[in-house]
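Visitor:
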Amino acid sequence: MESNYTKMYSIHVGKNNVAVKCVQADNETDSNSVLNNDEDVIKINDNKNRDTAKNSDDSAKGGKSGSRKRIHGLDGIRALAVILVVGYHFIPQVFPQGYVGVDVFLVLSGFLITYLLIQEVDSTKRINLISFWARRLRRIVPAVFVMVGVSVSTALFIGGDVLVGIRRQIITAFTFTYNWGEIIAGSTYFDQANPALFKNLWSLAVEEQFYLLWPILLWLLIAPKLIKKRNVALVVALVLAGLSFTWAIALTAHGADATRIHVGTDSHAYGLMLGAALAIAHKKIISVRMNNRRYTALFFGIAGWLGIISLVCLSCAPLSRIPLGTLLPMPAISFIASILTILSISSTFAYSQWLNLTNDTHAIIQLRGAISERSLVGFLQLVPLRWVGLRSYGIYLWHWPLSVLALYCVPGLNVWVRAVIIVALTFICAGLSWKFVEQPIIRDTAYGWMHSLSKRSRVVVIAALAVATTLSGCAIVMQPEMTSAQRTILEARKANAAMKDSLGKSQKSSRLDSKSDSSPKSKKNSTRNTQKKSADSTKEKRLDSKKRQSTSNSKKDAVKSGKTAQKMHNQPEIIGANITVIGDSVTEASSMMLNQDFPGIYVDGVVNRTGANAAQFLADADNNPSVGRRHYVVVGLAANATWRQEWLDALLNQVGSDRKLILVNGFGPSTSSWIFQSNDVIAAYAGAHRGQVFVADWAGQIKDHTDLLAQDYVHPTFDGGAHYFSLAVKNALEEAYRS
């Protein structure tokens, strides 16, 4: 190695990206130095060349340095993580648990940031918090600003539901408090019918809050006097991870809202803290050479492969169908199996918390494997994976807003066609952001980047910023107070209340008329009229006697041949007093039309209901003295979650063998995979229980009248679509009556 020339490889760590640069160090500081540009750098000492590098750098600069080596495979891990997340949002029928990719991002962020901070303490004996936070903001804010500006401007032209809550979303996006903003507002993260435009920014908010608080705590833990006692910091990191995970389980056990548990910083910080613990415990891990630690490298390499395979398998398997054994691909975490088996977790969301923890463990083992095993590194270093990994931050930022905008523009577009188009647009936007926004500002800062542009380019940039700011302001001013579906439901509630008031007044008036008829004067007049009518009727009876005699024979024949239609079918009449309806917001939006078509019907529709508790809802109605056990049971709960066999079995058991069950299927945009899956389950269940279970084909009725749906493509409009919902129910009731 030449004394005045050392080749150093650096890993540039951004929010979700790892850019690699070869830096040449001579006697003078290179103008393109990573450190001069305030980029984060992980320096990895190579044991074999440590002395040589040190001697050469000492002779050249009189300081300490080392041969720097890149961490291979991190871009590949990021690429796999973002692919799982994008797959979950675009084709959830293939990646139903793909959201676990977010936990991989959190582990990597916790590891990289902590490693960088430890390096800074090693080299400077302190942590420059202001510089650290400035680098974080410069890395993250520009891309977010561009994405929000473009997305809000586009949403303004679309209008309607996509702008609901946009004021809160913009403010919390730029203050990195999106997760807490949604929790305070009572928003539902898992509401698929009306997705928020920037819902994906919750994880970015969690990371930014981690960047704000963790460096302060870490500095206190590894201050110069405690530098040799980093086991204290390790214990603290592990304890914080355990507390966060335990808190998430406790919130679930006490019935806390799923959104509160999933997006809360306190309840979803365990991935970040596990990554931080790995960085503290394995400060020298990257310097381990495979020829010195062959068996360790082989072990972690195999574990890394198993981690990747199991992570992908878990992402592709429905949560309800994941055996506990598949959560445990590595012996190192086999104790979780015992815990899961003993606790016999029944809560789906609690189960998902264990799944997230397992995925965090997978990410840690993949990271260790990526460092140590050649075949795994070779896979993770594939050019396509590296390309995606470098732009994973932009891909994560852009994919969700583009998906939401497409949903409101073309809700009926085929899910696969839509996925291809949005993925292509996402890659284009992420690539442009990486080349023209993220890299230049990382390299030159925003001020330096602006001054590096030509005068014309600066004018274009300033004009674009002005337009985006103006349009965003217009969007904030024009924000609707509620979605079109919410307006429909509100109108139905008002109409039902008005109808009940009108019915009450009518009944009161009828009672007054009855009281008036019972007065002495009215009785006298009634007697006279009755006498007159009696005389007239006597004449009519004489004239009609022959006709009655001629028809009596035919009536006798009818009686002999069979019973009346009602007795023939042995079914109660299709009237409102014989019908109970249990449903979700789609049912509630149609309640006014159901009341008009079936006076006296009992309709119980509530927003965000699923079939999980359908049997209990029906039991409550049956036990209600004002409702009672009605013969026809109509259940419409396909809009919010996929029906399960066990839910339907419990419901049918509550219905009993002496009643009829009508299941209403669902309709929604092409992305509503759970609705289409529910429809398949409903059709199969009705086929297996012919004669007792019937399908109200709401999807078939409305598919040719989608202009009568709210903008979410799920709920019927009050004055149009609800008619077809009621018609579907009526057809199913008639089929049940004829059976």
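In full-length UniProt numbering, the protein residues as written are 1 to 739.
The beta carbon of each residue, even a glycine, is placed where N, CA and C say it ideally should be.
Which word fits Ser320, buried or exposed, when buried means at least 16 other C-beta atoms lie within 10 angstroms of its C-beta?
Guide: Taking the sequence shown and counting its residues from 1, one reaches residue 320 at position 320. Low per-residue confidence applies at Ser320: pLDDT is 49, beneath 50, and the placement is therefore not dependable enough to give any value.
Visitor: Note down, in chain order, each residue of its chain lying with its Cβ closer than 7 Å to the Cβ of Trp400, except the 5 sequence neighbours on either side.
Guide: In the sequence shown, counting from the first residue as 1, residue 400 sits at position 400. Same-chain partners within the cutoff: His89, Lys199, Asn200.
Visitor: Please determine, among Leu234, His262, Arg230, the residue with the shortest C-alpha to C-alpha distance to Phe245.
Guide: Working through the sequence shown from its first residue, we reach residue 245 at position 245. The shortest C-alpha separation from Phe245 is found at His262.
Visitor: If you measure between the beta carbons of Tyr78 and Gly412, is that distance less than 8 Å?
Guide: Within the sequence shown, the letter at position 78 stands for residue 78. Within the sequence shown, the letter at position 412 stands for residue 412. The identity of residue 78 in the sequence shown is Arg, whereas the question assumes Tyr. For Arg78 and Gly412, no; Cβs fall outside 8 Å.
Visitor: Count the CB pairs spanning the region 605 to 620 and the region 715 to 726 that are closer than 8 Å, and state whether there are at least three.
Guide: In this structure the region 605 to 620 does not touch the region 715 to 726; the number of beta carbon pairs closer than 8 Å is below three.
Visitor: Mind checking Gly73: buried by the 16 CB within 10 Å criterion, or exposed?
Guide: Walking along the sequence shown from the start, residue 73 turns up at place 73. By the neighbour-count rule (16 or more Cβ atoms within 10 Å), Gly73 is buried.
Visitor: Let me make sure I understand the geometry here. Which of Val581, Ser678, Asp584, Ser626 has the alpha-carbon closest to that of Arg644?
Guide: Residue 644 sits at position 644 when you count from the first residue of the sequence shown. Residue Ser678 holds the alpha-carbon nearest to the alpha-carbon of Arg644 among Val581, Ser678, Asp584, Ser626.
Visitor: Can you give me the C-alpha to C-alpha distance between residue 741 and Met592, rounded to a whole angstrom?
Guide: Residue 741 lies beyond the residue range present for the chain, which begins at 1 and ends at 739; the question has no answer from this structure.
Visitor: Going by the DSSP bridge assignment, what does Thr580 pair with across the sheet?
Guide: The residue you call residue 580 lines up with position 580 of the sequence shown. Paired residues: Tyr602, Val633.
Visitor: Do you know how far the Cα of Leu251 is from the Cα of Thr610?
Guide: Within the sequence shown, the letter at position 610 stands for residue 610. Within the sequence shown, the letter at position 251 stands for residue 251. Roughly 21 Å separates the two Cα atoms.
Visitor: Would you identify the three-state DSSP class for Ile682, choosing helix, strand or coil?
Guide: As a working mapping, residue 682 is identified with position 682 in the sequence shown. Helix.
Visitor: Tell whether a beta-carbon distance below 8 Å holds between Val107 and Gly271.
Guide: Along the sequence shown, read from residue 1 onward, the residue named residue 107 stands at position 107. Along the sequence shown, read from residue 1 onward, the residue named residue 271 stands at position 271. In this structure, Gly271 lies closer than 8 Å to Val107 by Cβ.
Visitor: Measure the C-alpha to C-alpha separation of Ala332 and Leu274 and round it to an integer number of angstroms.
Guide: As a working mapping, residue 332 is identified with position 332 in the sequence shown. As a working mapping, residue 274 is identified with position 274 in the sequence shown. Because the pLDDT of Ala332 is 31, which lies under 50, any placement of that residue in the model is unreliable, and the number read from its coordinates should be weighed accordingly. If you take the alpha carbons of Ala332 and Leu274, they lie about 15 Å apart.
Visitor: Whose C-beta lies closer than 6 Å to the C-beta of Trp202 among residues of the same chain, with five residues either side of it excluded?
Guide: Here the question's residue 202 lines up with position 202 in the sequence shown. Tyr178, Asn179, Val263, listed in sequence order.
Visitor: What is the DSSP secondary structure of Ile91, counted as helix, strand or coil?
Guide: Here residue 91 refers to the residue found at position 91 when the sequence shown is read from its first residue. If DSSP states are grouped into helix, strand and coil, Ile91 belongs with coil.
Visitor: Leaving out the 5 sequence neighbours to the left and right, which residues in its chain are closer than 7 Å to Ser452 when beta-carbon positions are compared?
Guide: Within the sequence shown, residue 452 is the residue found at index 452, counting from 1. Sequence-distant Cβ neighbours of Ser452 in its own chain, meaning closer than 7 Å and more than five residues away, are Asp444.
Visitor: From the DSSP output, read off the bridge partner residues of Val459.
Guide: Taking the first residue of the sequence shown as position 1, residue 459 is located at position 459. None, per the DSSP bridge assignment.
Visitor: Ends of the beta strand (DSSP E) at Phe694?
Guide: Your numbering for residue 694 matches position 694 in the sequence shown. That run of the beta strand (DSSP E) goes 693 to 696.
Visitor: If you run the structure through DSSP and keep just helix, strand and coil, what is Leu413?
Guide: Locating residue 413 in the sequence shown gives position 413, counting from the first residue. Here Leu413 sits in coil by DSSP.
Visitor: Can you name, in chain order, every residue of its own chain whose Cβ lies under 8 Å from the Cβ of Ile127, other than the five neighbours on each side?
Guide: Along the sequence shown, read from residue 1 onward, the residue named residue 127 stands at position 127. Excluding residues within five positions, the ones whose Cβ falls inside 8 Å are Leu117, Glu120, Val121, Pro215, Leu218, Trp219.
Visitor: Nearest-angstrom Cα distance between Asp266 and Ala256?
Guide: Here the question's residue 266 lines up with position 266 in the sequence shown. Here the question's residue 256 lines up with position 256 in the sequence shown. About 14 Å.
Visitor: Could you check the C-alpha separation between Ile575 and Ala736 for me, to the nearest Å?
Guide: To locate residue 575, count along the sequence shown from 1; it is residue 575. To locate residue 736, count along the sequence shown from 1; it is residue 736. Each residue's Cα considered, the two are about 13 Å apart.
Visitor: If you count every other CB in all the chains shown that lies within 10 Å of the CB of Ser672, and 16 or more means buried, which is it?
Guide: Position 672 of the sequence shown, counted from the start, is the residue given in the question as residue 672. It counts as buried.
Visitor: Can you tell me whether Glu573 is buried or exposed, with buried defined as 16 or more other CB within 10 angstroms of its CB?
Guide: Within the sequence shown, numbered from 1, the residue matching residue 573 stands at position 573. By the neighbour-count rule (16 or more Cβ atoms within 10 Å), Glu573 is not buried but exposed.
Visitor: Would you mind stating whether Ser310 and Gln97 have Cβ atoms separated by less than 8 Å?
Guide: For the purposes of this step, residue 310 is taken as residue 310 along the sequence shown, with counting starting at 1. For the purposes of this step, residue 97 is taken as residue 97 along the sequence shown, with counting starting at 1. No, Cβ-Cβ distance for Ser310 and Gln97 is not below 8 Å.
Visitor: Answer with buried or exposed for His254, where buried requires no fewer than 16 other C-beta atoms within 10 angstroms of its C-beta.
Guide: One-based indexing of the sequence shown puts residue 254 at position 254. It is exposed - the Cβ of His254 has fewer than 16 other Cβ atoms within 10 Å.
Visitor: Using the beta-carbon count (16 or more within 10 Å), is Asp584 buried or exposed?
Guide: As a working mapping, residue 584 is identified with position 584 in the sequence shown. The residue in question, Asp584, is buried, as its Cβ has 16 or more Cβ neighbours within 10 Å.
Visitor: Restricting to Cα atoms, I'd like to know which of Tyr393, Gln486, Val627, Ser454 is closest to Lys435.
Guide: Residue 435 sits at position 435 when you count from the first residue of the sequence shown. It is Tyr393.
Visitor: Specify the secondary structure class of Lys125 as computed by DSSP and reduced to three states.
Guide: Indexing the sequence shown from 1 puts residue 125 at position 125. Coil at Lys125, not helix or strand.
Visitor: Could you please give the first and the last residue of the uninterrupted alpha helix (DSSP H) stretch that includes Lys730?
Guide: Counted from its first residue, the sequence shown places residue 730 at position 730. Counting along the chain, the alpha helix (DSSP H) containing Lys730 begins and ends at 721 to 738.
Visitor: Compare the C-alpha of Pro440 against each of Ala143, Val420, Phe598 and name the closest.
Guide: Counting from one through the sequence shown, the residue named residue 440 turns up at place 440. Closest by alpha carbon: Ala143.
Visitor: Here's the rule I'm using: 16 or more other beta-carbon atoms within 10 Å means buried, otherwise exposed. How should Arg456 be labelled?
Guide: Position 456 of the sequence shown, counted from the first residue, corresponds to residue 456. Exposed is the call here.
Visitor: What residue from Glu588, Ile395, Ile442 has the CA that sits closest to Leu425's CA?
Guide: On the sequence shown, position 425 is the one that residue 425 refers to. Considering only alpha carbons, the answer is Ile395.
Visitor: Does DSSP classify Pro572 as helix, strand or coil?
Guide: Within the sequence shown, residue 572 is the residue found at index 572, counting from 1. Here Pro572 sits in coil by DSSP.
Visitor: Under 8 Å, with one C-beta from each stretch per pair, do the region 148 to 163 and the region 479 to 497 reach the 3-pair mark?
Guide: yes
Visitor: Using a C-beta cutoff of 8 Å, does Gln692 count as contacting chain C?
Guide: As a matter of chain content, chain C is missing from the structure shown, which is built from one protein chain.
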